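This report concerns only the one structure given below.
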Amino acid sequence: MPEKKIFKACKNCRALLPPETATCPLCNSTSFSEDWNGMVIIISQDSEVGKIFGASTPWRYAITIK
Ligand SMILES: [Zn+2]
Numbered sequence: 001m002p003e004k005k006i007f008k009a010c011k012n013c014r015a016l017l018p019p020e021t022a023t024c025p026l027c028n029s030t031s032f033s034e035d036w037n038g039m040v041i042i043i044s045q046d047s048e049v050g051k052i053f054g055a056s057t058p059w060r061y062a063i064t065i066k
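Here the sequence shown stands for residues 1 to 66, where the numbers follow full-length UniProt numbering.
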């Protein structure tokens, strides 16, 4: 699956966004990377995964960004 072609990752908050996104809707960063690995989807900000991951907004996030 060519996940890396579908999304780019915000370097600030690790949110995965469509390639045409100019500004991260979560943190307003304009710094992105297309070199990322792994995806975690946070459904609830109260979830254990969200707490461990430090994600405050339900979204899809990259696990690692180079
Ligand atoms: Zn961001």
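Backbone N, C-alpha and C define an ideal beta-carbon position, used for all residues, glycine too.
The model shown is predicted, which means the values in this text are computed figures rather than measured ones.
Sheet register partners of I6 (DSSP bridge):
As DSSP reads the structure, I6 sits in no beta bridge.
Cβ-heavy atom distance between A15 and ligand 1 below 7 Å?
Taken from the Cβ of A15, at least one heavy atom of ligand 1 lies inside 7 Å.
Use the C-beta contact count for I63: other C-beta atoms within 10 angstroms, 16 or more gives buried, fewer gives exposed.
I63 is exposed by the Cβ-count criterion.
Between the CA atoms of F32 and C24 - distance to the nearest angstrom:
Cα to Cα, the separation comes out at about 9 Å.
What span of residues does the beta strand (DSSP E) with I63 cover, start to end?
Unbroken beta strand (DSSP E) run through I63: R60 to I65.
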